[in-house]
Amino acid sequence: MQSGGGLVKKKKKNNEAELDITPMIDVTFLLLIFFMVTSTMQGTPDRDIPPASSGMNTNAGGFAEITISAPSSPGGDGEILLDGNPVSLDQLKADLIQRTAAGELKVMIYAERDVKSGFIGEVEQVIGEVAGDTETEIPMSYAVRDRR
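Each residue of the sequence shown is one higher than the one before, starting from -19 at the first, in this note's numbering.
Rendered as C-alpha cells:
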C-alpha cells in the first residue's frame, strides 16, 4: 500500500480572457466633457403670458394695506405704513379697531425682502389682538414688495 502516492490533480489554468474597461470609461467621460463644453446653450424663448382671468385683485376695495419697509440702517426698526401713512404699532391697533367697527376688515400685508420675520410677527400679533378684542375674524394676505 502506498501512502500519499496517489494521483495528483493538476490545477486547470483559467484561460478566459479578461477585459479591462477602464480606458473605455475614460474615453466616454472625455467625450461627454468635450460635448458639454463645445455645445451652445439656447435660452428659453420669451413668452407672452396672458393676464389672469380669475382671482381677486390685491388692491381691491375693503383691504387695509399695511406696508412694512426695511430699516434704513442695520439694527434699526422698519417703518409701518397703513394705506401709505406712517403709523406706530399702537396707532395701527387703534385704526384697525375703528375700521373693524365700521364693517368687515381684510388686511393685505406688503413687506420688503429685507424685513425681519420678527417685525412682521409683531404686526400680525397686533392684528390678532384687534381680532380678539372685536371678536371678529380678520383675513390676512401677504406679498413681497421690492424697495422703490
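Virtual Cβ for every residue (Gly too), placed ideally from N, Cα, C.
Here the structure is a predicted model, which is why all the values come from computation and not from measurement.
Which of helix, strand or coil DSSP assigns to Thr20: The answer is coil: DSSP assigns Thr20 none of H, G, I, E or B.
Find out if the Cβ-Cβ distance for the pair Ile118, Val110 is shorter than 9 Å. A contact, by the Cβ cut-off of 9 Å.
DSSP three-state assignment for Ser97, whether helix, strand or coil: In the three-state scheme derived from DSSP, where H, G and I count as helix and E and B as strand, Ser97 is classed as helix.
Is it the case that the Cβ atoms of Ala44 and Met88 are separated by a distance below 9 Å? The answer is yes: Cβ separation under 9 Å.
Please name the residue in Pro54, Lys86, Ser52, Ser53 whose C-alpha comes closest to that of Leu62. Distances from the alpha-carbon of Leu62 to those of Pro54, Lys86, Ser52, Ser53 put Lys86 closest.
Confirm, please, whether the CB-CB distance from Leu72 to Val103 is below 9 Å. Yes, they are a contact pair.
Name the two residues that bound the continuous beta strand (DSSP E) containing Ile46. Per DSSP, Ile46 is one residue of the beta strand (DSSP E) stretching across 43 to 49.
If contacts are defined as beta-carbon pairs under 8 Å, then Tyr90 and Ile48 qualify, I think. What distance do you get, rounded to the angstrom? Their Cβ separation, rounded to whole angstroms, is 7 Å, which keeps Tyr90 and Ile48 in contact under 8 Å.
DSSP-derived helix/strand/coil call for Glu115: Annotated three-state conformation of Glu115 is coil, per DSSP.
Inter-residue spacing [alpha-carbon to alpha-carbon] between Ser97 and Gly112: Approximately 22 Å, taken between the alpha carbons.
Thinking C-alpha only, which one of Val124, Ser68, Glu84, Glu92 is nearest Glu115? When each option's Cα is compared against that of Glu115, the closest is Glu84.
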